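Visitor:
2 protein chains.
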Amino acid sequence: MSRTAIATKKVTIRDVARLAEVSYGTVSRYLNGNEHVSTDAARRIAKAIEESHYTPNKAARSLAQQRTSTVAFIVQVESIATLLQASTAAAMAEANQTLGDAGYQMVTLIANSEDSTQRIAQLVQSDFADGYLLFSLSEDDSLINIFRTAHRPVVLSEASDRSTAVSYPAVDFANADGQCSITRYLLDQGKIRLAYVCGPGYSPSSSKRLHGFKQAMGAYFDDSHVYYADDWEIASGEMAAVEFQPMLHDLDGIVCANDNIAIGVINQLRRFGYRVPEDIAVTGFDDSPIATMMDPKLTTVRQDSWLHGRVMSQLLLRMLHGEVVDHQTVKLLPTEIVTRQSA
Amino acid sequence: MSRTAIATKKVTIRDVARLAEVSYGTVSRYLNGNEHVSTDAARRIAKAIEESHYTPNKAARSLAQQRTSTVAFIVQVESIATLLQASTAAAMAEANQTLGDAGYQMVTLIANSEDSTQRIAQLVQSDFADGYLLFSLSEDDSLINIFRTAHRPVVLSEASDRSTAVSYPAVDFANADGQCSITRYLLDQGKIRLAYVCGPGYSPSSSKRLHGFKQAMGAYFDDSHVYYADDWEIASGEMAAVEFQPMLHDLDGIVCANDNIAIGVINQLRRFGYRVPEDIAVTGFDDSPIATMMDPKLTTVRQDSWLHGRVMSQLLLRMLHGEVVDHQTVKLLPTEIVTRQSA
DNA sequence: CTGTTAGCGCGTTCAG
DNA sequence: CTGAACGCGCTAACAG
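Protein sequences appear in the order of chains A and B.
All residue numbers for the first sequence refer to the numbering used here, where the first residue is 1 and numbers rise by one.
All residue numbers for the second sequence refer to the numbering used here, where the first residue is 1001 and numbers rise by one.
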């Protein structure tokens, strides 16, 4: 006559029904918030659930209901370094929060190889999640195509400039605007002899930021003053500064594609004996944590990664609620110049 | 008479069977590597699968088979800042790789609130995954308890010093050893007047590292030379240095619980006019990316987070393969002193 | 308002 | 070696 039955085996909806002395159809209705359940039955069911420690089985439910109450956050990384970026983690955390508040469980998948892409494709095709956030920092298209057959909403983290066959709504930062603004900030100070360090070719943001720089420079733009880096790392910034060495003495500033690169540039500039910002001003992009850890602190373009994750989730939620959203939709998030010491 | 049927609706195992002209039981056997399928049937089935773009449905399969071929990587964070740590991301990436190679899809869940813990508990109780990696940097027990009823293997990222009711195999770093070694490194240089900045109380690593310091100091240990920080951040290091100010002039070194704190200490020390390491040596712990970005570069204790993720996964895989592992098992990963400039 | 029943897609006997 | 039938746990449509 033990009061609290020890959960020896899986307790199913049928056990609850038996305990509450109703049919299990009724229990199902109760569980799904159906109106047609007498308050009396409801009370007994609630009690039975409590006593039996019942938890509905996800797999069975999603099989019958064709929805899973989870959304997948798929991060596609060119190199694992991307995964380590604070911006990725921030967007991930905020998306998790936003979706969680709406009753969805977020699961994160990492696509960093042919194999993992394959596995993920399989999951997607069996409707593993109700919706997808594709957080990608690469131009690789292989992942985006796996959603064609799954008729589930998808939101991208980046506006692709190329017109691919398939496309989904996207939330991105105003990369070009940001780089354009900070360049103008330099120009307005009379620093007009500028060089640019561009990010890796595989990244759309790279070209957008370069575009912003070009726009601000107008006719003064000179491609020989652009260094094209292979990645987003500090070492690339150092290499850029080395490359620029011959022309350094008549340069007012160097605009960089991101903070890491800017740090590398500054490090190398100092080794060459230049002072920052007195001799040469340097700007970054991202406002990553290290921007304030450096000396001088970085003047940079701030983008709110938390906001990125939140807006992507909100858009996806609206789509999950049935709202139809044009696949060409692109939401551009504002950027902001943060003036510190390096420029 | 179209060759390649357009995947209009969900294609099930039945469709494949029809195409291959066998019963769907046979297809199921083929799919699960059962011997008893004639090579002729196998060939026809393979062809049918190819043509129909068939993908087995995860939910249905896991419902019938009671396994999901996925493992969950649950990261429990006291504050979101933890999630931003490079070490977490590294372990995550490597676990994803290791599990992926073994045919398991890793999904990451973030537990950062009462709600999210609740949702995750529900998933776990419906056998959402075949196994669990609990990556936790907090002492909160609420999560660890949700695995009691789920009879699935679990591996922890940290050895708890407290003897809780439930426990699982764990993989952790030799925190005490590491801190002990680097302290001895200072002592051996004749720097014997040392202070210590301890990490936050909620973290087990905190106390273990402090323990290592105590061990190295032996009788010379003096609790008044210990500052107890509230978190792992730079600001805490700065506060510690302020706290230590009165005794700074007769201190040879400050051993810190992690790199961030060490950086804060160094920053503040400089403001006070002390040179590092000439006047006071400072050591960190983690060998995080910023350790080499600072000037002076940090002398610190290196721990291989990739290895952490890999070993945790390997242990879990063995358990998934049926090997029984004592719940008290603790695998300690080696740490290593990295000598740079700050000490 | 409630019990009954037919699937959801697939694994697994169990005969044949 | 293969086909048929049942069950996994739950939802939803349909009678009552």
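Ideal Cβ positions, reconstructed from N, Cα and C, are used throughout, including at glycine.
Computed from a predicted model, the values in this text were never measured in an experiment.
On a CA-only basis, which of Val242/A, Gly284/A, Tyr104/A and Asp287/A is nearest glutamine 1122/B? Give me that one, please.
Guide: Position 122 of the second sequence, counted from the start, is the residue given in the question as residue 1122/B. For glutamine 1122/B, the closest of Val242/A, Gly284/A, Tyr104/A and Asp287/A by C-alpha to C-alpha distance is Tyr104/A.
Visitor: Decide if histidine 327/A is buried, meaning its Cβ has at least 16 other Cβ atoms within 10 Å, or exposed.
Guide: Translated into the one-based positions of the first sequence, residue 327/A becomes position 327. Result: exposed.
Visitor: Please state if the CB of threonine 299/A and the CB of arginine 271/A are separated by a distance shorter than 7 Å.
Guide: Translated into the one-based positions of the first sequence, residue 271/A becomes position 271. Translated into the one-based positions of the first sequence, residue 299/A becomes position 299. For arginine 271/A and threonine 299/A, no; Cβs fall outside 7 Å.
Visitor: Short of 6 Å in beta carbon distance, which residues of its chain neighbour alanine 159/A, apart from the five on each side in sequence? Order them along the chain.
Guide: Mapped onto the first sequence, residue 159/A falls at position 159. Taken in chain order, the residues that qualify are Ala170, Asp172 and Val330.
Visitor: Quickly, what does DSSP pair lysine 47/A with across the bridge? List them, please.
Guide: Translated into the one-based positions of the first sequence, residue 47/A becomes position 47. DSSP output for lysine 47/A lists no bridge partner at all.
Visitor: Is there a Cβ of chain A sitting closer than 7 Å to that of alanine 1007/B, yes or no?
Guide: Position 7 of the second sequence, counted from the start, is the residue given in the question as residue 1007/B. For alanine 1007/B, the predicted structure reports a pLDDT of 41, less than 50, and the residue's modelled location is therefore unreliable. A value from the coordinates is still provided. The beta carbon of alanine 1007/B falls within 7 Å of a beta carbon belonging to chain A, placing the residue at that interface.
Visitor: So that I know if they touch, is there some Cβ in chain B lying closer than 7 Å to that of arginine 310/A?
Guide: Within the first sequence, the letter at position 310 stands for residue 310/A. No, no contact with chain B.
Visitor: Would you call the segment 1130-1143 of chain B in contact with the segment 1289-1297 of chain B, where contact means no fewer than 3 C-beta pairs closer than 8 Å?
Guide: no
Visitor: Going by Cα to Cα distance, which pick from Thr117/A, Val37/A, Asp286/A and Ser126/A is closest to threonine 1068/B?
Guide: For the purposes of this step, residue 1068/B is taken as the residue at position 68 of the second sequence. Per the Cα distances, Ser126/A.
Visitor: Assuming alanine 1176/B contacts valine 1197/B under a Cβ cut-off of 8 Å, what Cβ separation, rounded to an integer in Å, is found between them?
Guide: Mapped onto the second sequence, residue 1176/B falls at position 176. Mapped onto the second sequence, residue 1197/B falls at position 197. No, alanine 1176/B and valine 1197/B are not in contact; Cβ-Cβ is about 16 Å, not under 8 Å.
Visitor: Quick one: does glutamine 1268/B have its CB under 7 Å from some CB of chain A?
Guide: Position 268 of the second sequence, counted from the first residue, corresponds to residue 1268/B. For glutamine 1268/B, the answer is no, since every Cβ of chain A falls outside 7 Å of its Cβ.
Visitor: Following the continuous beta strand (DSSP E) through threonine 299/A, name the residue where it begins and the one where it ends.
Guide: Locating residue 299/A in the first sequence gives position 299, where the first residue counts as 1. Unbroken run through threonine 299/A: none, as it is neither H nor E.
Visitor: From asparagine 1145/B to serine 1157/B, what does the alpha carbon distance come to, in whole angstroms?
Guide: Counted from its first residue, the second sequence places residue 1145/B at position 145. Counted from its first residue, the second sequence places residue 1157/B at position 157. Asparagine 1145/B and serine 1157/B: Cα-Cα distance of roughly 15 Å.
Visitor: Please check the pair leucine 1084/B and alanine 60/A, which I expect to be a contact at CB under 8 Å, by giving their CB distance rounded to whole angstroms.
Guide: Your numbering for residue 1084/B matches position 84 in the second sequence. Your numbering for residue 60/A matches position 60 in the first sequence. Going by Cβ atoms, the distance from leucine 1084/B to alanine 60/A rounds to 37 Å, so no, they are not a contact pair.
Visitor: Ignoring anything shorter than 3 residues, give me the beta strand (DSSP E) runs that lie fully in the segment 236-272 of chain A, in order along the chain.
Guide: Runs found: 253-256.
Visitor: Please confirm if phenylalanine 147/A has its CB atom under 7 Å from at least one CB of chain B.
Guide: Within the first sequence, residue 147/A is the residue found at index 147, counting from 1. False, the Cβ-Cβ gap to chain B never drops below 7 Å.
Visitor: Shorter than 7 Å from the beta carbon of serine 1002/B to some beta carbon of chain A?
Guide: Within the second sequence, the letter at position 2 stands for residue 1002/B. The predicted position of serine 1002/B is uncertain, since its pLDDT is 32 and thus under 50; no value can be drawn from it.
Visitor: Confirm, please, whether the CB-CB distance from leucine 19/A to alanine 46/A is below 7 Å.
Guide: Taking the first sequence and counting its residues from 1, one reaches residue 46/A at position 46. Taking the first sequence and counting its residues from 1, one reaches residue 19/A at position 19. Going by C-beta atoms, alanine 46/A is not nearer than 7 Å to leucine 19/A.
Visitor: Just confirm the distance between the C-beta atoms of leucine 333/A and aspartate 286/A, as a whole number of angstroms; I'd bet it's less than 8 Å.
Guide: Numbered from 1 along the first sequence, position 333 holds the residue referred to as residue 333/A. Numbered from 1 along the first sequence, position 286 holds the residue referred to as residue 286/A. Contact doesn't hold; Cβ gap of about 13 Å is too wide.
Visitor: For glycine 131/A, which beta-bridge partners are listed by DSSP?
Guide: Sequence index remark: in the first sequence, residue 131/A carries index 131 (1-based). Paired residue(s): Val71/A.
Visitor: Looking at glutamine 76/A and alanine 111/A, is the spacing between their C-beta atoms short of 7 Å?
Guide: On the first sequence, position 111 is the one that residue 111/A refers to. On the first sequence, position 76 is the one that residue 76/A refers to. Yes. Within cutoff.
Visitor: Take valine 154/A as the anchor and find which of Val124/A, Gly264/A and Gly212/A has the nearest alpha-carbon.
Guide: The residue you call residue 154/A lines up with position 154 of the first sequence. Per the Cα distances, Val124/A.
Visitor: Can you tell me whether asparagine 1034/B is buried or exposed, with buried defined as 16 or more other CB within 10 angstroms of its CB?
Guide: By 1-based counting over the second sequence, the position of residue 1034/B is 34. Counting of Cβ neighbours within 10 angstroms places asparagine 1034/B among the exposed residues, the total staying below 16.
Visitor: Going by DSSP, what residue range makes up the alpha helix (DSSP H) through glutamine 1341/B?
Guide: What you label residue 1341/B is simply residue 341 of the second sequence in a count that begins at 1. Premise fails: glutamine 1341/B is in no alpha helix (DSSP H) and is neither H nor E.
Visitor: For lysine 331/A, which three-state DSSP category applies?
Guide: Against the first sequence, residue 331/A aligns to sequence position 331. Looking at lysine 331/A - three-state DSSP - the assignment turns out to be strand.
Visitor: Determine whether the beta carbon atoms of valine 1301/B and glycine 1178/B lie at a separation below 7 Å.
Guide: Mapped onto the second sequence, residue 1301/B falls at position 301. Mapped onto the second sequence, residue 1178/B falls at position 178. Here valine 1301/B is near glycine 1178/B, since their CB atoms are less than 7 Å apart.
Visitor: If you follow the alpha helix (DSSP H) that aspartate 1177/B is part of, which residue opens it and which one closes it?
Guide: In the second sequence, counting from the first residue as 1, residue 1177/B sits at position 177. Note, aspartate 1177/B: alpha helix (DSSP H), 1175-1188.
Visitor: With a cut-off of 8 Å, do at least 3 Cβ pairs link the segment 1184-1193 of chain B to the segment 1232-1244 of chain B?
Guide: no
Visitor: Would you kindly work out how many angstroms separate the C-alpha atoms of leucine 251/A and histidine 225/A, rounded to a whole number?
Guide: Mapped onto the first sequence, residue 251/A falls at position 251. Mapped onto the first sequence, residue 225/A falls at position 225. Their backbone Cα atoms lie some 10 Å apart in a straight line.
Visitor: Run through the DSSP bridge pairs and tell me what methionine 1106/B is partnered with.
Guide: Along the second sequence, one-based indexing puts residue 1106/B at 106. Methionine 1106/B is bridged to Val1071/B.
Visitor: Examine chain A for any beta-carbon lying closer than 7 Å to the beta-carbon of arginine 1119/B, and answer yes or no.
Guide: If you number the second sequence from 1, residue 1119/B lands on position 119. Taking Cβ atoms only, chain A reaches closer than 7 Å to arginine 1119/B, which makes this a yes.
Visitor: Grab the span of the beta strand (DSSP E) containing tyrosine 1202/B for me, first residue to last.
Guide: Taking the first residue of the second sequence as position 1, residue 1202/B is located at position 202. DSSP places tyrosine 1202/B in no beta strand (DSSP E); its state is neither H nor E.
Visitor: Going by DSSP, what residues sit across from threonine 1283/B in a beta bridge?
Guide: Locating residue 1283/B in the second sequence gives position 283, counting from the first residue. According to DSSP, which records beta bridges pairwise, threonine 1283/B is partnered with Val1255/B and Thr1299/B.
Visitor: Output needed for glycine 309/A: all residues of its chain with C-beta closer than 6 Å, excluding positions within five of it in sequence on either side, in chain order.
Guide: If you number the first sequence from 1, residue 309/A lands on position 309. Correct list, in chain order: Ala91, Glu94 and Ala95.
Visitor: Distance check for serine 1181/B and tyrosine 274/A, CA to CA, integer angstroms please.
Guide: Translated into the one-based positions of the first sequence, residue 274/A becomes position 274. Translated into the one-based positions of the second sequence, residue 1181/B becomes position 181. Approximately 40 Å, taken between the alpha carbons.
Visitor: For chain B, check one thing: does any of its Cβ atoms lie closer than 7 Å to the Cβ of threonine 55/A?
Guide: Start at 1 with the first residue of the first sequence, and residue 55/A comes out as number 55. So, interface residue.
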